[in-house]
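One structure is given here, and the rest of the page talks about it.
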Amino acid sequence: MVSQAFGDALGTGSREHYESQTQAIARQLLRATRESRSWFAQVRDQMQWDDKLLGWAMSNPGLRVQLFRLIDCLPALRSKPEIARHLQEYMSDQTVELPAALKSLLNFANADSMPGQLAATTLSTAVETLAHKYISGENLKQVLKTIERLRKEKMAFTVDLLGEAVITEAEAQSYLDRYLELLEQLTEASKSWSKVEQIDFADGQPLPKVQVSVKLTAFYSQFDPLDEAGSQVRVADRARTLLRRAKELGAAVHFDMEQYAYKDLTLETLKALLLEEEFRSRSDVGMTIQGYLRDSQADLQGLIDWAKERGTPITVRLVKGAYWDQETIKAVQKDWQQPVFNDKAETDANYERLTELLLENHEVLNAAIGSHNVRSQAHALAIATALEIPKSRIEFQTLYGMGDKLAKAIVEQGYRVRVYCPYGELIPGMSYLIRRLLENTANSSFLRQNLEERPIEDLIAAPQVGEPSQLKALDKFENAADTDYADRAKRDRIQSALKSVRQQFGQTYLPLINGEFVETAEKLKSENPSRFSETVGTIGLISVDQTEDAIASAKAAFPAWKRTSAQERAHILRKAANLFEQRREELIAWMTYEVGKPVKEGDGEVSEAIDFCNYYADEMERLDRGVDYDFPGETNHYRYHARGIVLVISPWNFPLAIPVGMTVAALVTGNCALLKPAETSSVIAAKIAEILVEAGIPAGVFQFIPGKGHTVGAHLVKHPDVHMIVFTGSQAVGCQIYKDAAVLQPGQKHLKRVVAEMGGKNAVIIDESADLDQAVQGIVQSAFGYSGQKCSACSKAIVLEPVYETFLSRLVEATRSLNIGEAELPSTKVGPVIDGEAQKRIQEYIEQGRTEAEVAIELPKPEGGYYVAPVVFTNVPANAKIAQEEIFGPVLAVMRASSFQEALDLANGTPYALTGGLYSRTPSHIEQAQANFEVGNLYINRGITGAIVARQPFGGFKLSGVGSKAGGVDYLLQFLEPRVVTENVQRQGFAPIEGAE
109 MVSQAFGDAL GTGSREHYES QTQAIARQLL RATRESRSWF AQVRDQMQWD DKLLGWAMSN
169 PGLRVQLFRL IDCLPALRSK PEIARHLQEY MSDQTVELPA ALKSLLNFAN ADSMPGQLAA
229 TTLSTAVETL AHKYISGENL KQVLKTIERL RKEKMAFTVD LLGEAVITEA EAQSYLDRYL
289 ELLEQLTEAS KSWSKVEQID FADGQPLPKV QVSVKLTAFY SQFDPLDEAG SQVRVADRAR
349 TLLRRAKELG AAVHFDMEQY AYKDLTLETL KALLLEEEFR SRSDVGMTIQ GYLRDSQADL
409 QGLIDWAKER GTPITVRLVK GAYWDQETIK AVQKDWQQPV FNDKAETDAN YERLTELLLE
469 NHEVLNAAIG SHNVRSQAHA LAIATALEIP KSRIEFQTLY GMGDKLAKAI VEQGYRVRVY
529 CPYGELIPGM SYLIRRLLEN TANSSFLRQN LEERPIEDLI AAPQVGEPSQ LKALDKFENA
589 ADTDYADRAK RDRIQSALKS VRQQFGQTYL PLINGEFVET AEKLKSENPS RFSETVGTIG
649 LISVDQTEDA IASAKAAFPA WKRTSAQERA HILRKAANLF EQRREELIAW MTYEVGKPVK
709 EGDGEVSEAI DFCNYYADEM ERLDRGVDYD FPGETNHYRY HARGIVLVIS PWNFPLAIPV
769 GMTVAALVTG NCALLKPAET SSVIAAKIAE ILVEAGIPAG VFQFIPGKGH TVGAHLVKHP
829 DVHMIVFTGS QAVGCQIYKD AAVLQPGQKH LKRVVAEMGG KNAVIIDESA DLDQAVQGIV
889 QSAFGYSGQK CSACSKAIVL EPVYETFLSR LVEATRSLNI GEAELPSTKV GPVIDGEAQK
949 RIQEYIEQGR TEAEVAIELP KPEGGYYVAP VVFTNVPANA KIAQEEIFGP VLAVMRASSF
1009 QEALDLANGT PYALTGGLYS RTPSHIEQAQ ANFEVGNLYI NRGITGAIVA RQPFGGFKLS
1069 GVGSKAGGVD YLLQFLEPRV VTENVQRQGF APIEGAE
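Per our numbering, the very first residue in the sequence shown carries number 109; after that it's consecutive.
In structure tokens, the structure reads:
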């Protein structure tokens, strides 16, 4: 018997005996989990489609991916023909090797046919059966039945409410209300439960019969580590309400842990809350530590130290972690350090270290060991026995539907086992199901390995860890990393920078001509749009006469600069990149104050500026090699040469990244650059000038010439010595530049090249298969991030009829939840618009919209700055002005489409073609959009702003602009003239021939 083996293996052994004890216990537990099933049960499992699906997924990686994508999509499909169609589309992917049974299931010509409906029914039933294996109930009646069965098996429970992602404050309040109701319902039901000594008492003391598990982040829809204080206030307020009610009912509350970004703030918030006098003596509360995190040992030690100070133990649930794929992908995409261990053995070894640390401190913290790995649980049992840990101080946990036999084997030893019971509807529970399926079918999964009956010695061996492994670097351009504001030190740095920069308000910034700062007759005050009473700085505006000095200086500097080697020019750009990184926080602060850009938006812009410097440096070195087409007796050299003087006219909405990108592209290609920034962002442009000069750009090669667009800008566009104009701004100005540049001026010996990015009227399509959690969040960020003042911003949401009302209602509430205020405040999601003129223009569009459509929501706006609160219009006609014209503000038109083709037609029905988006889980719709959505940058199942250099080169066509994409392989070619040099290398009929003797 298993219990006899425990007695033989364990005793009062010391820590040195943990391993031998672990091995002995693990062998016995494994035997219990491998008890033979009846022949009938084995045959039954082989006939069930849910088991077949899991088996196929484990044997075929391509099928696994497509199958799980289909399962993820399934709850959104509203009819059997839809399900049949999606089944065919997903399973016809070239990466999928279909088993014979699945091939026969797909053998139908029409989704509406009887075979198609049969296939749909088979799939739906199989997935529903799968879901019920891991989800304890869809309603209270079902979950109570599950709980009662568990209690009969001497197992305790904790209930987790499945639900949609909390993206609105209404949903956050609903999340709390549902838990308050659940506590009351479970407590009422518990009155009729018979007492189970093993789980209702420990060491003679009663334990709460009812426990719920909650996610702290779900108590506030705008939970954000950057807004540490604001987030703590909001979530703590709702957590207090839950804890008070739980105490009244005699129930326990455990707080789950989610993504790494929220970990530190979650722990800090809970530690502060539980030190409050009202809660300091509560022991019926728990927190969670994730063993796959590299810093989990420090976190656990921190909890131990905190618990000693507090004086009353809480429970720490020790798990391995459920978001490995997500955390790893995010780290790669963000160029951050991987927060999770890269190797499964490293996680297992760390989990054992954490187990030892936790159990050796059982006097200050109670332990809940959550794992389905027999060795991990055996290791904890060995330590618990060796240290004679009281039963009140330890319990073992498994997930519902996973590790059932392991749980029963531990129960037999008299230990308390608690089963984590997810409860809720299958649609919002699908993400939970996918995580469980990924876990069960992964090659490294203990459950899978045990199911495959790997040798016991392999399964119970101690984790073998070599050198700590890291993610392999991608063989691609390495982008600058955005700041991870989950790190307190980085939050502190940006707050210090904001304070420091504010102390520098009011300084004067003069133009830089031929390496000297020159005085000007005219000055302009740059305002803080969040508080227009504040002057950020004063700008000296050059006159038309002074532009001639700049042109003369550039002409004089050009010959030496174009002869400077590409390697030397690239070196200067890389030095500039380093300087931008060193001054990151300062530059963010200047953007926050001068153009009202919230911190995270500014942080991404600094990264983009750095990327432009490094990427264009790499590209110039590549292009400088040229191409050789040599033939016997002849050499042919294809090389690039600089054009001359480049006029850079940059916008205010990306006051750092865009001017940096356009300017350094001109410089690294050997041209001289004149930077004329938008008047309202000239202080930031002055900071760019400081950095480029410090990096080593010679006098006259780069010149900073702030001035008025209609005088200085217009004069320079027409100047005969300007070879190229690079512009980002409005369509009206861009078209005028294009027209003026085409006119050959007296003395001009070249045709001017114009590169112009001129905005867009960008649409996002949401079809009936879309993940609405993802779609609503993406639309809100794309439409209202930086108050909609991006050329890439979403200004039209085109929603298919079946999901229109559901999407709209959630969009309205998500918009209502946004914090509007001064850009410098960490809680702000929507700041001011750039100036009074923009404010007036946007308000005029809003008034126009009231005559064309219905207002779904319009938020109140703060005073004292140039604020326009987000507005959502609904039932917007295709020909409405707000559906056709670029507004450049926080105004969103929501349009209805009856078919996907109509949605595409609505999206393409403007003169613009810049960015567009699609939220869909229908492969054919994705293919159709890729082929027919007329935009330069199409984003699928993500927001449509925030293009990253090299990954997503940016630019459009039609009236959105002319020229190649910024941050792409073609961009620098526009600044260069290609030349071919052919030389006859024969002398008197003789020429060397390669390979000849």
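Even glycine gets a Cβ: it sits at the ideal position worked out from N, Cα and C. Just so it is clear, the structure is predicted and the values come from calculations on it, not from any experiment.
Where the alpha helix (DSSP H) containing residue i begins and where it ends
i: S232; result: 222 to 242
i: T1030; result: Careful: T1030 lies outside any alpha helix (DSSP H) and carries neither H nor E.
i: L908; result: Taken as a continuous stretch (DSSP letters only), L908 belongs to no alpha helix (DSSP H), being part of the beta strand (DSSP E) at 902 to 908.
i: N1045; result: Careful: N1045 lies outside any alpha helix (DSSP H), inside the beta strand (DSSP E) at 1045 to 1048.
i: Q405; result: 404 to 418
i: L687; result: 674 to 690
i: Q839; result: 839 to 849
Whether residue i touches residue j by CB criterion (9 Å)
i: V318; j: G358; result: yes
i: A192; j: A239; result: no
i: F259; j: V304; result: In the sequence as displayed, the identity of residue 259 is Arg instead of Phe. Taking 9 Å as the Cβ cut-off, R259 and V304 qualify as a contacting pair.
i: V825; j: D848; result: yes
i: A476; j: G394; result: yes
i: I995; j: T788; result: no
i: T1090; j: H745; result: yes
i: E930; j: S634; result: no
i: G608; j: A697; result: Looking at the sequence itself, residue 608 is Ser, so the reference to Gly does not match. In this structure, A697 lies closer than 9 Å to S608 by Cβ.
i: G997; j: G837; result: no
i: A883; j: V1002; result: no
Collapsed DSSP secondary structure at residue i in the structure displayed
i: E1085; result: strand
i: R751; result: coil
i: S298; result: helix
i: C780; result: strand
i: V1093; result: coil
i: T628; result: coil
i: T982; result: strand
i: P530; result: strand
i: T254; result: helix
i: M866; result: coil
i: D736; result: strand
i: H745; result: strand
i: I805; result: coil
i: L618; result: coil
i: Y1020; result: strand
i: R861; result: strand
i: N636; result: strand
i: L582; result: coil
i: V427; result: strand
i: L1000; result: strand
i: L401; result: strand
Span of the beta strand (DSSP E) around residue i
i: L507; result: 502 to 507
i: V181; result: Reading the sequence as shown, one finds Cys at residue 181 and not Val. No beta strand (DSSP E) holds C181; the alpha helix (DSSP H) holding it covers 169 to 181.
i: V644; result: 639 to 649
i: D829; result: Unbroken run through D829: none, as it is neither H nor E.
i: E305; result: Counting along the chain, E305 falls outside any beta strand (DSSP E), though it belongs to the alpha helix (DSSP H) covering 305 to 308.
i: R599; result: That residue, R599, is in no beta strand (DSSP E); its alpha helix (DSSP H) goes 596 to 610.
i: M395; result: 393 to 398
i: T266; result: 264 to 269
Residue i at chain B interface by Cβ criterion, 9 Å
i: Q611; result: In summary, chain B is missing from the structure at hand, where a single protein chain is found.
**Request:** Entirely within the segment 312 to 381 and at least 4 residues each: give me those alpha helix (DSSP H) ranges in chain order.
**Result:** 336 to 357
**Asked** Are the segment 619 to 631 and the segment 595 to 608 in contact at 8 Å, needing three or more beta carbon pairs?
**Response** no
**Message:** Between the segment 331 to 351 and the segment 273 to 291, can you find at least three pairs of beta-carbon atoms closer than 8 Å?
**Reply:** A contact exists between the segment 273 to 291 and the segment 331 to 351.
**Request:** Let me know the alpha helix (DSSP H) ranges lying completely inside the segment 909 to 935, each 4 residues or longer, listed in chain order.
**Result:** 912 to 924
**Message:** I'd like the ranges of any alpha helix (DSSP H) spanning at least 4 consecutive residues and lying wholly in the segment 434 to 487.
**Reply:** 452 to 467
**Message:** Under 8 Å: do the segment 713 to 724 and the segment 755 to 771 share three or more Cβ pairs, one atom per stretch?
**Reply:** yes
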